[in-house]
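Student: Numbering (my numbering), first residue to last: 328 to 416.
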């Protein structure tokens, strides 16, 4: 009985040594990088209001708002042109 137990223990211990040692491998994981938006691109756009309700004041405010809207659209275009940080594996 002792001989069988000793033989079984020896076989079990010998079986542990036959497994090849697995060397850990380096795995590279892509990480998304966010780009901070410059302060000048995220500044609010001014809104021109007519001080009086005359035709001249309203038209002047309208023209000023058109210029501000074009400036805001330009800023948004620059924001869209920023690198997105997409990672290609």
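Beta carbons: idealized from backbone N, C-alpha and C, even for Gly.
1) Rounded to a whole number of angstroms, what is the C-alpha to C-alpha distance between residue 402 and residue 375?
2) So, does the region 368-384 touch the region 348-359, judging by three or more C-beta pairs under 8 Å?
3) Does the distance between the C-beta of residue 405 and the nearest non-hydrogen atom of the ligand NAP fall short of 7 Å?
4) For the alpha helix (DSSP H) that residue 402 lies in, which residues bound it at each end?
5) Could you check the C-alpha separation between residue 386 and residue 405 for me, to the nearest Å?
Tutor: In short, the structure shows the following:
1) In the chain shown, counting from the first residue as 1, residue 402 sits at position 75. In the chain shown, counting from the first residue as 1, residue 375 sits at position 48. Taking the straight line from one Cα to the other gives about 18 Å.
2) no
3) The ligand NAP is absent from the structure shown, which contains no ligands of any kind.
4) In the chain shown, the residue the question calls residue 402 occupies position 75. Element bounds for residue 402: 382-407.
5) On the chain shown, position 59 is the one that residue 386 refers to. On the chain shown, position 78 is the one that residue 405 refers to. Roughly 29 Å between the two C-alpha positions.
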